[in-house]
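Colleague:
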Amino acid sequence: MHYNVSRRDFLKLCGGTAAMLGLSQAWIPQIARALEQAAKRPPVVWLSFQSCSGCFESFAKADYPDVATIVLDIISLNYQEVIMAGAGAQSEKNLADTVAAGGYITIVEGAIATGIPEAMMVGGKTSEEILGEVTANSAATIAVGTCATYGGVQAMNPNPTGAKGVGDVINTPVINIPGCPSNPDTMVSTITYYLLYKKVPKLDSKGRPKFAFSQKVHDNCQRRAHFDSGEYVEEFGSEEAAQNYCLYKMGCKGPETHSPCPLTLWNSKQNWCIGCGNGCIGCMEPDFWDEFAGFYDTLPDVPVPGFIGVKRSSDYIGSTLVTATMTGIGIHAIATAAKGRFKENDDISEGSDD
Amino acid sequence: MARVVVDPMTRLEGHLRIEVEVDNGVVKDAWATTTLFRGFEIFIKDRDPRDVWHIAQRICGVCPTSHGNCATQGLEESFGVTPPDNAVLVRNLMEAAQYLHSHVLWFYGLNAFDYVDVVNALSAKATTPALKAVKDRLQAFVDSGQLGFLANGYWGHPGMLLTPEQNLELSAHYLQALDIQAKAARALAVFGGKFPHHMSTPPGGVTVIPTLQDIVNYETIMKEVSDFVINVMVPDTLLAGAAYIDLTKIGAGVGNFFTWGVLEDVASCDPYKRALPRGAIFGGKLSVEKVSPADAMEFVKHSWYTPESGEGKNPGDVNATTEPEFTSFPEQVGPDDKYTWTKTTQIKNKQMEVGTLARMLVAYLSKAPGATKIVDNALAALGAAGKPEILISALGRLATKPLEASLIVQKMEADMAMLKDNIAAGKGEWFIPNDVPESGQGVGAWDAPRGSLAHYNHIEDGKISNYQATPASNWNFSARDDNGARGPCEEALVGTPVADPEKPLEILRVVHTFDP
Chain C
1 MHYNVSRRDF LKLCGGTAAM LGLSQAWIPQ IARALEQAAK RPPVVWLSFQ SCSGCFESFA
61 KADYPDVATI VLDIISLNYQ EVIMAGAGAQ SEKNLADTVA AGGYITIVEG AIATGIPEAM
121 MVGGKTSEEI LGEVTANSAA TIAVGTCATY GGVQAMNPNP TGAKGVGDVI NTPVINIPGC
181 PSNPDTMVST ITYYLLYKKV PKLDSKGRPK FAFSQKVHDN CQRRAHFDSG EYVEEFGSEE
241 AAQNYCLYKM GCKGPETHSP CPLTLWNSKQ NWCIGCGNGC IGCMEPDFWD EFAGFYDTLP
301 DVPVPGFIGV KRSSDYIGST LVTATMTGIG IHAIATAAKG RFKENDDISE GSDD
Chain D
1001 MARVVVDPMT RLEGHLRIEV EVDNGVVKDA WATTTLFRGF EIFIKDRDPR DVWHIAQRIC
1061 GVCPTSHGNC ATQGLEESFG VTPPDNAVLV RNLMEAAQYL HSHVLWFYGL NAFDYVDVVN
1121 ALSAKATTPA LKAVKDRLQA FVDSGQLGFL ANGYWGHPGM LLTPEQNLEL SAHYLQALDI
1181 QAKAARALAV FGGKFPHHMS TPPGGVTVIP TLQDIVNYET IMKEVSDFVI NVMVPDTLLA
1241 GAAYIDLTKI GAGVGNFFTW GVLEDVASCD PYKRALPRGA IFGGKLSVEK VSPADAMEFV
1301 KHSWYTPESG EGKNPGDVNA TTEPEFTSFP EQVGPDDKYT WTKTTQIKNK QMEVGTLARM
1361 LVAYLSKAPG ATKIVDNALA ALGAAGKPEI LISALGRLAT KPLEASLIVQ KMEADMAMLK
1421 DNIAAGKGEW FIPNDVPESG QGVGAWDAPR GSLAHYNHIE DGKISNYQAT PASNWNFSAR
1481 DDNGARGPCE EALVGTPVAD PEKPLEILRV VHTFDP
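Residue numbers (the numbering used here), protein chains in the order written: chain C, 1 to 354; chain D, 1001 to 1516.
1. On a Cα-Cα basis, can you pick out the residue from D:Gln1468, D:Gly1283, D:Glu1298 and D:Val1254 that is closest to D:Val1494?
2. Taking 8 Å as the limit between beta carbons, can you name the residues of its chain near D:Phe1079, skipping five residues before and five after?
3. Does the segment 1209 to 1220 of chain D come into contact with the segment 1259 to 1275 of chain D, if we say contact requires no fewer than three beta-carbon pairs (one atom in each stretch) closer than 8 Å?
4. Pull up the distance between the alpha-carbon of D:Gly1251 and that of D:Cys1489, whole angstroms please.
5. Would D:Asn1476 and D:Gly1444 qualify as a contact pair, given that the criterion is a beta-carbon distance under 7 Å?
6. Hey, is the segment 266 to 273 of chain C in contact with the segment 1184 to 1202 of chain D, meaning 3+ C-beta pairs nearer than 8 Å?
7. For C:Asp185, return the contacting residues in chain D, with the cut-off set at a CB-CB distance below 7 Å.
8. If you measure from the beta carbon of D:Arg1486 to each beta carbon in chain C, is any gap under 7 Å?
9. Kindly say whether C:Ser205, judged by its beta-carbon, lies nearer than 7 Å to any beta-carbon of chain D.
10. Any contact of the segment 1097 to 1108 of chain D with the segment 1490 to 1509 of chain D, i.e. 3+ C-beta pairs under 8 Å?
11. By a C-beta neighbour count over all protein chains shown, 10 Å radius and 16 as the cutoff for buried, is D:Met1001 buried or exposed?
12. If C:Cys177 sits next to C:Val144, beta carbons under 8 Å apart, how far is it from one beta carbon to the other, in whole angstroms?
13. For D:Asn1231, count neighbouring Cβ atoms within 10 angstroms of its own Cβ and tell me buried if that reaches 16, exposed if not.
14. Any Cβ of chain C within less than 7 Å of the Cβ of D:Asp1500?
15. Contact criterion: CB-CB distance below 7 Å. Does C:Cys221 meet it with respect to chain D?
16. Which runs of the beta strand (DSSP E) at least 3 residues long sit entirely within the segment 1400 to 1477 of chain D? Give them in chain order.
17. Taking only the alpha-carbon atoms, compute the straight-line gap between C:Lys164 and C:Ala111 and give it to the nearest angstrom.
18. May I ask you to list, following chain order, the residues of the segment 1411 to 1431 of chain D that have a beta carbon less than 9 Å from some beta carbon of chain C?
19. Taking the continuous alpha helix (DSSP H) assigned at D:Ser1171, which residues delimit it?
20. Report back the beta-carbon spacing between D:Asn1167 and D:Asn1120 to the nearest angstrom; my notes put them in contact at under 8 Å.
21. Would you report the Cα separation of C:Pro286 and D:Tyr1115, rounded to the nearest angstrom?
22. Whose Cβ in chain D lies nearer than 7 Å to the Cβ of C:Met84?
23. If you measure from the beta carbon of C:Trp46 to each beta carbon in chain D, is any gap under 7 Å?
24. In or out: C:Met326 buried (at least 16 other Cβ within 10 Å) or exposed?
25. I want to verify the contact list: residues of chain C whose CB lies under 9 Å from the CB of D:Cys1060, in sequence order.
26. D:Ile1281 CB to nearest chain C CB: under 7 Å?
27. Who are the Cβ neighbours of D:Pro1277 in its own chain at under 8 Å, not counting the five residues just before and after it?
28. Exposed or buried, which one is D:Cys1318 when buried takes at least 16 other CB atoms within 10 Å?
29. Which same chain residues, not among the five before or five after C:Gly123, have their C-beta less than 7 Å away from its C-beta?
30. Since C:Ala139 meets chain D, which of its residues come closer than 7 Å, beta carbon to beta carbon?
31. Quick one: does C:Pro42 have its CB under 7 Å from some CB of chain D?
32. Give a yes or no on contact between the segment 1332 to 1349 of chain D and the segment 1019 to 1033 of chain D, applying the rule of three or more CB pairs nearer than 8 Å.
33. Looking at the ligand MN, does it come within less than 6 Å of D:Ile1018, judged from the CB to the closest heavy atom?
34. Determine which residues of the segment 1257 to 1273 of chain D have a Cβ less than 7 Å from any Cβ of chain C, and write them out in chain order.
35. Assuming D:Gly1284 contacts D:Ile1392 (C-beta within less than 8 Å), just tell me the rounded distance between them.
36. Could you tell me the alpha carbon to alpha carbon distance between D:Leu1403 and D:Leu1105, rounded to whole angstroms?
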């Protein structure tokens, strides 16, 4: 093998990916073989447009494998503005050479400025021009973060620069990995999936890999039992907050947010948003900045306990909320009961382009 | 005379284009262009004020914690709420972790390839098994023929002055630093949920109520980070500083510095008593003056904004505005051209440098606890005892980073000790309940690792009616002013020798010292 990591570390990496992809341990040797058999490290171009660089920052927090292993031993990161040694003419040559050779994966961070194209320029070209040139010859395109997927923070009303996600600008297929920032485990697993199967994983209607985004934060939340028991935080810094009660009443958007966060967690599984006592702000959903604005306002239309046979009565939630949610309750309660906590498991080994 | 353009300037957060005029191998003039505009001031307007500290963090994914803390402080002023001591301590601990994350990432990840020749390291004699392993790994990487992110670097440039052995050792530390920066972010996540973009500091305090396990986790992880700063990064700086001592002769810049101060003194909450205290220095004089967010003024003669977006207004003015008005992108910047998305931001009509050098000069001259000893020791090691003025240079910006990092380690340890004492004494207050006012105004003035930032808010009818932010880039990458005076980075570039205009490594060096 040309990989310059120990066999043990390499299998550990494959094990982490297998877990994320929902594959059993039996798959690990196959993942390892698929990665090892590559004749050369797959070239990757990382484009940065209207962004805060936070998604690359997040990528650089990957742990199995860590970022050094990724860029030295697994992929050939031919263009990435935050870490590449060259600048100006030197870096642009790397990009031109890679595009001319083809067979690379394009990762895009940041939104495309379409209203004021000059609001995002690199090397004298607009973001739309660069995106078109680079993706035209790309083997696959992965948009990372909520900016590149759906426009993100700068696309908030009134979207002064006409910021758009990659999929709204180019016509070729795009894998969307939203999040503000995007989660490193999900990014790495998606890249691995592509290298393993040479095709795009099954995507949901918003372009997100189903293996990661088919469940909601609420489905797997560590604090779910408190929700079901009607045990809520009603004030930060309170005894209930210290008991890690449910943050639903503090505005948590977990019930409406598709995300693997409760499973992947963040920063080497150290913690996550809800773990530090603030509700989810829904950063993996399109347009969350507008749709979920009022991050501390309680979500309406959430199936509340009491209707699905748990111990506290709905009165505990408060009459205002109950009124606001009554119409939604019946449908949600039935749907939840029918599906159970976990949705059907996609056979991801059969990945398709649907 | 020849124009040299570096676009994109890489190894930074955001997007930057640098144009210089080179004559006889020396930079005679320079223009810094930020090539990204997003419009935070526009889309924060009319928002729920409680959401704003989340939005504001997205200004910078490398220093979101500082933007979040700064925004929250400004909102606390307009909400009329004071966070409890424990919350201030937890915010300090998160900020300290972010500073160490940022300084390690900057020194190695963003800056090192300007000085460390990775290819040259392959001819080094590896003196330890660990160094041999690194050398073998790099050799295998180079032998693969795919240089990836190292392709087209400035390897073999005549300005690279380290020995092969030094290059190998620093290359090994580069790889180690990639691990350490992730660890510092992990420590931040103990209290912040995640990094980038933490979740625990709304106006009024913190949402996290640390457990004993949280405290042990933070301390254990940060111990490793602190050890790296003190035992690896500081010595590496002195090694590089000695080899590149000529950097004291270039990059002085505008000679005006200021900081809003960072890392709160919990007892006083006085910005002049922060671990890195507030203050300003004018004209390279070694004395410190007071400075207020009300002193900031914005101009747009050379920036793509409407005239009303400048006019010398203070960003806290109720009529302050930031409305884009793109004209054209000059092929070659002329004296009257608009050429950047950064406003010209000034104090007392002076271009002002911000960042670590500014903070360490103010701290040293203010005799902030710990600062005197740390700076004096470093000056002695560089053979410049008693001459702090040599720090007003490219080398000064480079050398003060690890010094500041070691000062922050001391502050972090003191804050953690106080937090533990508070918890042991039963002081369990973390959050003061508060409400969004019908109307109000406030300003947060704080420092990110790369420089001073202020967030000015106005609230009417319970919503944000005006929000203006002056992040670090507005100062260091300020465009020329109405009289043609260059911004700090532009001025620092003038006089820089350029050995090979096709490979302008020296330009990268000076720009990177601003930690953009």
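Backbone N, C-alpha and C define an ideal beta-carbon position, used for all residues, glycine too.
Since we're looking at a predicted model, the values are computed, not measured.
Modeller: Per the coordinate set shown:
1. D:Val1254
2. Pro1049, Pro1203, Gly1204, Asn1434, Asp1435, Val1436, Pro1437, Gly1440 and Gly1442
3. Judged by Cβ distances under 8 Å, the segment 1209 to 1220 of chain D makes no contact with the segment 1259 to 1275 of chain D, as fewer than three pairs qualify.
4. If I take the Cα positions, the gap works out to 8 Å.
5. It is not a contact, given that the beta carbons lie outside the stated cut-off.
6. yes
7. Neighbours of C:Asp185 on chain D: none; closest Cβ ~12 Å, over 7 Å.
8. no
9. C:Ser205 is outside the set of residues whose beta carbon lies under 7 Å from a beta carbon in chain D.
10. no
11. Counting of Cβ neighbours within 10 angstroms places D:Met1001 among the exposed residues, the total staying below 16.
12. Just to set this straight, residue 177 of chain C is Ile in the shown sequence, not Cys. In this structure C:Ile177 is in contact with C:Val144, their Cβ atoms being roughly 5 Å apart against a cut-off of 8 Å.
13. exposed
14. no
15. no
16. 1440 to 1448, 1451 to 1460 and 1463 to 1470
17. Distance between the alpha carbons of C:Lys164 and C:Ala111 is about 5 Å.
18. Gly1428, Glu1429, Trp1430 and Phe1431
19. Counting along the chain, the alpha helix (DSSP H) containing D:Ser1171 begins and ends at Pro1164 to Gly1192.
20. At roughly 5 Å, the Cβ-Cβ gap stays under 8 Å, so D:Asn1167 and D:Asn1120 are in contact.
21. If you draw a straight line from the Cα of C:Pro286 to the Cα of D:Tyr1115, it comes to about 43 Å.
22. Thr1010 and Phe1149
23. Among the CB atoms of chain D, none fall inside 7 Å of the CB of C:Trp46.
24. Low confidence applies here, because C:Met326 scores a pLDDT of 32, under 50, leaving its location unreliable; read the following figure in that light. Answer is exposed; the Cβ neighbour count stays below 16.
25. Neighbours of D:Cys1060 on chain C, chain order: Cys52, Ser53 and Gly54.
26. With 7 Å as the cut-off, D:Ile1281 does not count as an interface residue toward chain C.
27. Thr1259, Gly1261, Pro1271, Val1362, Ala1363, Ser1366 and Ala1368
28. Just to set this straight, residue 1318 of chain D is Val in the shown sequence, not Cys. Exposed is the call here.
29. Glu92
30. Within chain D, no residue comes near C:Ala139; the closest Cβ sits about 16 Å away, beyond 7 Å.
31. So no, C:Pro42 is outside the interface.
32. yes
33. The ligand MN is absent from the structure shown, which contains no ligands of any kind.
34. none
35. 6 Å
36. 15 Å
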